[in-house]
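Have a look at the structure below, then the notes.
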Amino acid sequence: MSQNYYQKDIETMPVEQMKKLQSEKLVKQVKHVYDNVPYYRNLMDEKGVKPEDINGIEDLHKLPFLTKADLRDAYPYGLLAKPLEDCVRIQSTSGTTGKRVVAFYTQHDVDLWEECCARAIVAVGGTNKDVCQVAYGYGLFTGGPGLNGGSHRVGCLTLPMSSGNTDRQIQFMTDLNATILCCTPSYAAYIGETLKEKGYKPEDISLKAGIFGAEPWTEEMRKGIEEALGIKAYDIYGLTETSGPGVSFECSEQTGMHINEDHFLAEIIDPDTGEVLPEGEKGELVFTSLDKEAFPLLRYRTRDICVLSRKKCSCGRTLIKMSKPMGRSDDMLIIRGVNVFPSQIETVLLNEGYQPNYQIIVDRANNTDTFDVNVEMNPEQFTDKVSDVLALEKSLADAMKTILGINPKVHLVAPKSIARSEGKAVRVIDKRKLI
Amino acid sequence: MAIKQLTVFVENKQGALVSITDILALNNINLRALSIAETQDFGILRLIVNDEKTAEKTLTDAGYLIKVTDVVGVKIGDEPGKLTSALSVLDKAGINMEYLYAFMARTEKHAYVVLRVEDNAAAEEALGDAGFHLITEADIAKL
């Protein structure tokens, strides 16, 4: 593939020059946050760090970390660095324990996010001659709005499909000759199966590339999707806390994702000690937003475990690359693209009058995650009628869906039947083989 | 008047049922009737036994989830049409039924029907008025 870039000067910038740019931005950003975000100012003061102690990226390690817990504590406005009249948008993460994470955007923030997505689209060969079908969800979820904006900027004809309604996806895909598909990898696989059932062959459709993210996927899945759709399948990474998809993206080499490091400064740390690890070592990914105005998180711990690499890339980009996340440093599960914490299940059980004894079983069938929760029955609720027990299962599943945003299959089991080993119970059984 | 039914929650696992009947046998408890309602995940085992108190205690002690429910037991002739006439009585009285199961007596020419209805007292009154013989815990113990 001949290489195209959306912002060539940035994407191929010599590393030393990039570091200089990052340093300049960091110094400004730390001052902006210190002056406008009392929550982070307190963290810096507690650590005894002043903005003037930060003179470049070599001083980054002096700054305190932010975690998801901070985002919840500070909900909704505690980390906002701009007056609300300067903000034009919010996006939100898929459910967390009671409180969601809400990220704010100024127009500048939306622009830089969309530019990051545009870089990802151009990196897979996208131009203004392409028809880009965006089948990520639109709404609070960042997937749809992010790729939609990127597609506009590249000048693609954008099909804002949102997720679901597969018959309609296929109708538009075939009638309007979509060439780029953006969605979760599991949905891409599902579209592939549906096309086959309807009698389409890969050569009957015009797709050439797909940009798939928001959930973990394997190389085998990549191969399966590429064969089913007759395309090249590319990974994309991002999180609402930093902006959304487009924090990093794959290029033609398909060996890891280039981080848009002019906007998002990446570090790898030891998740236990917080020590910064040298390039090439496996650890927790930490991001510092260098340009964001409204919601500029400094040293935000993603909990994703991965490796960074500056190895020369055949695509010509000099942007540092990150591996696919290899796991998590907390107990968060990503099920059907939605973040699920076991503690959320526990909260629901306590609210509904159950003992917090449960087991989550996640597996993958037909490229879609299955999500089962075993819960010990409350003896007081047991009756001789099957319909009563089924109704209890349904109401518990509904309560979980309200908090989690996805539907589990709840199974009531006999009291004390879920193993309580000495020490910590096995709460999660993840049978998906993703790495 | 109603008789006691033991309801046991049974997980769909191999050997789950036999371990229950084993406990009952070891404690000298005789089964009079049983029925199982099942779903993909679990079964609900309903038992009429000769000694409900002992059965409840031994199964509870063994860690089973038990519920004791009052049900209506009615004796009917062992011939075609008798069940229909008993059910018609309930239907006419407007009494909704959840489920029923039946068992035969060993010596007499009779069948017994266990009925789980919305309103036990109303069902018993309607059946009694229609001339049906309702069975009691004492009857069960003697069977």
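Those protein sequence lines, which keep their order, are chains A and B. The opening residue of the first sequence carries number 1314 in my numbering; numbering runs sequentially from there. The opening residue of the second sequence carries number 10 in my numbering; numbering runs sequentially from there. Where a beta carbon is used, it is the ideal one built from N, C-alpha and C, also for glycine. As the structure is a computational prediction, the values presented were derived from the model and not from experiment.
{"Asked": "What residues of chain A sit near B/Lys-76, judged by a beta carbon separation below 9 Å?", "Found": "Pro-1692, Phe-1695, Thr-1696 and Asp-1697"}
{"Asked": "Compile a chain-ordered list of the residues in the region 139 to 151 of chain B whose CB is closer than 7 Å to at least one CB of chain A.", "Found": "none"}
{"Asked": "Under the rule that 16 or more other beta-carbon atoms within 10 Å means buried, what is A/Arg-1481, buried or exposed?", "Found": "exposed"}
{"Asked": "How should A/Leu-1489 be labelled, buried or exposed, when 16 other C-beta atoms within 10 angstroms of its C-beta is the threshold for buried?", "Found": "exposed"}
{"Asked": "Assuming B/Leu-143 and B/Arg-125 form a contact by the criterion Cβ under 8 Å, report the distance between their Cβ atoms to the nearest whole angstrom.", "Found": "Contact doesn't hold; Cβ gap of about 14 Å is too wide."}
{"Asked": "DSSP three-state label for B/Asn-39, please.", "Found": "coil"}
{"Asked": "Let me know if B/Ser-145 comes out buried or exposed under the rule of 16 or more other beta-carbons within 10 Å of its beta-carbon.", "Found": "According to the sequence provided, residue 145 of chain B is Thr. The question's Ser does not apply to it. With fewer than 16 other Cβ atoms within 10 Å, it is exposed."}
{"Asked": "What is the rounded straight-line gap between the Cα of A/Thr-1568 and the Cα of A/Ser-1636?", "Found": "8 Å"}
{"Asked": "Give the straight-line distance between the Cα atoms of B/Leu-26 and A/Arg-1535, rounded to the nearest whole angstrom.", "Found": "46 Å"}
{"Asked": "Considering only their Cβ atoms, is the gap separating A/Ser-1499 from A/Asp-1682 smaller than 8 Å?", "Found": "yes"}
{"Asked": "By the 9 Å beta-carbon criterion, what residues does the region 111 to 130 of chain B contribute toward chain A?", "Found": "Arg-125"}
{"Asked": "What is the DSSP secondary structure of A/Thr-1410, reduced to helix, strand or coil?", "Found": "Summary for A/Thr-1410: the model assigns pLDDT 47, below 50, so the residue's position carries little reliability; its value from the coordinates is reported in the next sentence. Coil at A/Thr-1410, not helix or strand."}
{"Asked": "I need the DSSP call for B/Glu-47, collapsed to helix, strand or coil.", "Found": "strand"}
{"Asked": "Between A/Val-1675 and chain B, is the shortest Cβ-Cβ distance under 8 Å, so that the two count as touching?", "Found": "no"}
{"Asked": "Looking at the C-beta of B/Ala-102, does it have a partner C-beta in chain A at a distance below 8 Å?", "Found": "no"}
{"Asked": "With a threshold of 8 Å between beta carbons, is B/Ala-42 in contact with chain A?", "Found": "no"}
{"Asked": "Would you mind reading off the limits of the beta strand (DSSP E) that contains A/Lys-1458?", "Found": "Here the sequence assigns Pro to residue 1458 of chain A, which means Lys is not the residue at that position. Element bounds for A/Pro-1458: not the beta strand (DSSP E) but the alpha helix (DSSP H), 1456 to 1467."}
{"Asked": "What's the gap between the Cα of A/Ala-1732 and the Cα of A/Val-1702?", "Found": "22 Å"}
{"Asked": "Under the rule that 16 or more other beta-carbon atoms within 10 Å means buried, what is A/Tyr-1390, buried or exposed?", "Found": "exposed"}
{"Asked": "In chain order, which continuous runs of the beta strand (DSSP E) of length 3 or greater are located wholly inside the region 96 to 128 of chain B?", "Found": "106 to 113 and 119 to 126"}
{"Asked": "Which residue from B/Glu-20, B/Thr-67, B/Ala-102 and B/Asp-50 puts its Cα closest to that of B/Leu-32?", "Found": "Inspection of the sequence shows that residue 32 of chain B is occupied by Ile rather than by Leu. When each option's Cα is compared against that of B/Ile-32, the closest is B/Thr-67."}
{"Asked": "Closer than 8 Å between beta carbons: that is the criterion. Which residues of the region 1717 to 1731 of chain A meet it against chain B?", "Found": "His-1724, Leu-1725, Val-1726, Ala-1727, Pro-1728, Lys-1729 and Ser-1730"}
{"Asked": "Give the residues of chain B in contact with A/Leu-1662, contact being defined as C-beta atoms less than 8 Å apart.", "Found": "Per Cβ cutoff of 8 Å: no residues; A/Leu-1662 is ~17 Å from chain B at best."}
{"Asked": "Answer with buried or exposed for B/Arg-115, where buried requires no fewer than 16 other C-beta atoms within 10 angstroms of its C-beta.", "Found": "exposed"}
{"Asked": "Identify which residue in A/Arg-1612, A/Ala-1579, A/Asp-1575 and A/Leu-1425 has its Cα closest to the Cα of A/Met-1331.", "Found": "A/Asp-1575"}
{"Asked": "By the three-class DSSP mapping on this structure, what secondary structure does A/Ala-1522 have?", "Found": "strand"}
{"Asked": "What would DSSP say about B/Ile-53, mapped onto helix, strand or coil?", "Found": "strand"}
{"Asked": "If we require 4 or more residues per run, which alpha helix (DSSP H) segments fall completely within the region 1694 to 1724 of chain A?", "Found": "1699 to 1717"}
{"Asked": "Counting only C-beta atoms, is B/Ala-46 closer than 8 Å to chain A at any point?", "Found": "yes"}
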